[in-house]
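Beneath this line is the structure, given in structure tokens, with notes to follow.
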Amino acid sequence: MNRQMQAGAGLGLLVLLAIPDIRHAMEESMWRHMLVQFPLWTGAAFLLAGGIPAYLRKTIARWNMYGISGLFVTGIIFAVLMIPRVLDQALLHPEIELAKLIALVLAGMALRLSWRPAGLILQFFFLGNMLPMMGVVGWLYTESPQRLCNAYLLDDQIQLGNWLIAAVAIIAVIWLTWIAWFITCQETRQISRH
Amino acid sequence: MLRTIVASILVVLIGWGAASRITCDFQIWTEEGARRLQVALHPVDLPPVFIEGPNLTQTTLPALLSQENSVTIASFIYTRCQAVCLSLGSIFQQMQTALLSNTGNAQTANVRLLSISFDREHDDLPALQTYADNLSAQPELWHVVRVSQTEQEQLLLRKLGVVVIPNGQGDYEHNAALLVFDSAGRMVRIFDIEEHQLALNYALHLAGKHVADTSS
Numbered sequence: 005m006n007r008q009m010q011a012g013a014g015l016g017l018l019v020l021l022a023i024p025d026i027r028h029a030m031e032e033s034m035w036r037h038m039l040v041q042f043p044l045w046t047g048a049a050f051l052l053a054g055g056i057p058a059y060l061r062k063t064i065a066r067w068n069m070y071g072i073s074g075l076f077v078t079g080i081i082f083a084v085l086m087i088p089r090v091l092d093q094a095l096l097h098p099e100i101e102l103a104k105l106i107a108l109v110l111a112g113m114a115l116r117l118s119w120r121p122a123g124l125i126l127q128f129f130f131l132g133n134m135l136p137m138m139g140v141v142g143w144l145y146t147e148s149p150q151r152l153c154n155a156y157l158l159d160d161q162i163q164l165g166n167w168l169i170a171a172v173a174i175i176a177v178i179w180l181t182w183i184a185w186f187i188t189c190q191e192t193r194q195i196s197r198h
Numbered sequence: 003m004l005r006t007i008v009a010s011i012l013v014v015l016i017g018w019g020a021a022s023r024i025t026c027d028f029q030i031w032t033e034e035g036a037r038r039l040q041v042a043l044h045p046v047d048l049p050p051v052f053i054e055g056p057n058l059t060q061t062t063l064p065a066l067l068s069q070e071n072s073v074t075i076a077s078f079i080y081t082r083c084q085a086v087c088l089s090l091g092s093i094f095q096q097m098q099t100a101l102l103s104n105t106g107n108a109q110t111a112n113v114r115l116l117s118i119s120f121d122r123e124h125d126d127l128p129a130l131q132t133y134a135d136n137l138s139a140q141p142e143l144w145h146v147v148r149v150s151q152t153e154q155e156q157l158l159l160r161k162l163g164v165v166v167i168p169n170g171q172g173d174y175e176h177n178a179a180l181l182v183f184d185s186a187g188r189m190v191r192i193f194d195i196e197e198h199q200l201a202l203n204y205a206l207h208l209a210g211k212h213v214a215d216t217s218s
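Read top to bottom, the protein sequences are chains G and W. The first sequence begins at 5 in my numbering and counts up by one. The second sequence begins at 3 in my numbering and counts up by one.
Set out below in structure tokens:
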């Protein structure tokens, strides 16, 4: 899929996700709110960022060497959005909901612009921070005897916790598989050159 | 590289600012925590909603709370509840026993208990009466009431920050807590159910302060 098609798909997905009924359906349960809505919005924005014109990408890249500032944007946005109060506030106040959705779009776009420039070491550093954070949050949600969000049931919270921990494992496995594949490819190329 | 460093520092500062606003300077992490902090800083006035209950002529909630200059520990319940309200009920019983055991004390005489039902559909007056009887609530010390009208009930819940969600099996989950109202009928503190001793002590302290005020 070329960049333009990706951007189109991303935009289409964002429009679809913004439809109030779909938004409400996702926010009806705590685990869908965090583990369906968050990744879908981020993913759509990731695709959309493919359509950023080359000159703009170059200007941004000057402020984003090795994708460092971009990964900070993504990491910090996810860290802030994982504060339990944000979920409640987003349901109560439309302006917080809007800010949350814009933040998710920013996180997705920043990730797209920074992931490749970051290279393996910085990617590892990024995931090495994000995944344990997600794991700890997941563990807290599972183990807390109290409801952390007034708007959601306790069972829902435990389910979210379990899924967060599962997501950590899945992301880690995918990334390691990709690395293994990447390195194998590189070595094959080197061997064939000799 | 300098630009990247500047951008990164800016991003961190903005993120820090946002997190600090959301968590009220990193004091709380949940909406419930924010509500309790807010109430402790700024007492909440009550809307004049009409309430009814056994052994009670119809009156408004603020009127009931400011009766006899008493401090009130209140909690929201529904009588069919098999989970958290059961422990709430027994906590209220313990508090009633503690209050009755030293009635000679002017302070204790000034603390009242109040259970407010948020399930108007099922909790009619006989249901409330049965609930009060089962917990051997003393009518002069502990009232069990419900709000007379649905709209007023919603208003009250919203004003006090009580969120009730049906769990799909005919029951409800709600942010059960002990709400302390001062003698002017304002909500001044919210305590966790586990902190019932603290809630009681706080109410006694408030009542004591009030008694001291009027005697001086």
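All C-beta atoms, glycine included, are put in the ideal place defined by N, C-alpha and C. Note that this is a predicted model, so its numbers are computed, not measured.
Collapsing the DSSP output to three states places G/A155 in coil. Within chain G, L157 have C-beta atoms less than 7 Å from the C-beta of W/N169, given in sequence order. Residue pairing by DSSP places W/H145 opposite W/L116 in a beta bridge. The C-alpha of W/L127 lies about 22 Å from the C-alpha of W/S89. DSSP places W/P168 in the strand class (E or B) of the three-state scheme. Under the Cβ criterion of 7 Å, W/M3 is counted among the residues facing chain G. Within the region 9-22 of chain W, contact with chain G at the beta-carbon level (separation under 7 Å) is assigned to A9, S10, V13, V14, G17, A20, A21. Cα atoms of G/L18 and W/E155: separation of roughly 38 Å, rounded to the nearest angstrom. W/W31 has a beta carbon lying within less than 7 Å of a beta carbon in chain G. Rounded to whole angstroms, the Cβ separation of W/A179 and W/I192 is 5 Å, and the two are in contact under 8 Å. Of all residues in the region 139-172 of chain W, only V165, I167, N169 come within less than 7 Å of chain G when Cβ atoms are compared, listed by chain position.
Non-local beta-carbon contacts of G/L164 in its own chain, meaning distances under 7 Å to residues more than five positions away in sequence, involve M34, W35, M38, L39, Y145 in chain order. DSSP places G/M30 inside the alpha helix (DSSP H), whose first and last residues are 24-31.
Fully contained in the region 14-45 of chain W are the following alpha helix (DSSP H) runs of length 4 or more, in chain order: 33-43. Remark: three or more beta-carbon pairs, one from each stretch, lie closer than 8 Å, so the region 101-120 of chain G and the region 37-57 of chain G are flagged as touching. Around the beta-carbon of G/K104, 16 or more other beta-carbon atoms lie within 10 Å, marking it buried.
Nearest Cα to G/G14 within the set G/S73, G/I26, G/F50, G/I80: G/F50. Ranked by Cα distance from W/F120, the options W/C83, W/E142, W/V113 are led by W/C83. Your pair W/V182 and W/V13 does not check out as a contact, with CB atoms roughly 42 Å apart and the cut at 8 Å. Of the candidates G/Q161, G/A173, G/L180, G/Q161 places its Cα closest to the Cα of G/E31. The beta carbon of G/W35 does not come within 7 Å of any beta carbon belonging to chain W, so the residue lies off that interface. Fully enclosed beta strand (DSSP E) runs of no fewer than 3 residues occupy 58-62, 73-79 of the region 58-100 of chain W, in order along the chain.
In the three-state reduction of the DSSP assignment, G/V172 falls in the helix class, which pools H, G and I. Taking the beta carbon of G/S118 as reference, no residue of chain W falls within 9 Å; the closest one sits roughly 10 Å away.
Looking from the CA of W/V164, the closest CA among W/Q95, W/A76, W/F94, W/S138 belongs to W/A76. With fewer than 16 other Cβ atoms inside 10 Å of its own Cβ, G/E191 counts as exposed.
The Cβ atoms of G/R7 and G/G71 lie no closer than 7 Å to each other.
Our two residues, W/L158 and W/R148, have alpha carbons roughly 11 Å apart in a direct line. A Cβ-Cβ contact shorter than 7 Å links G/R66 with W/R5.
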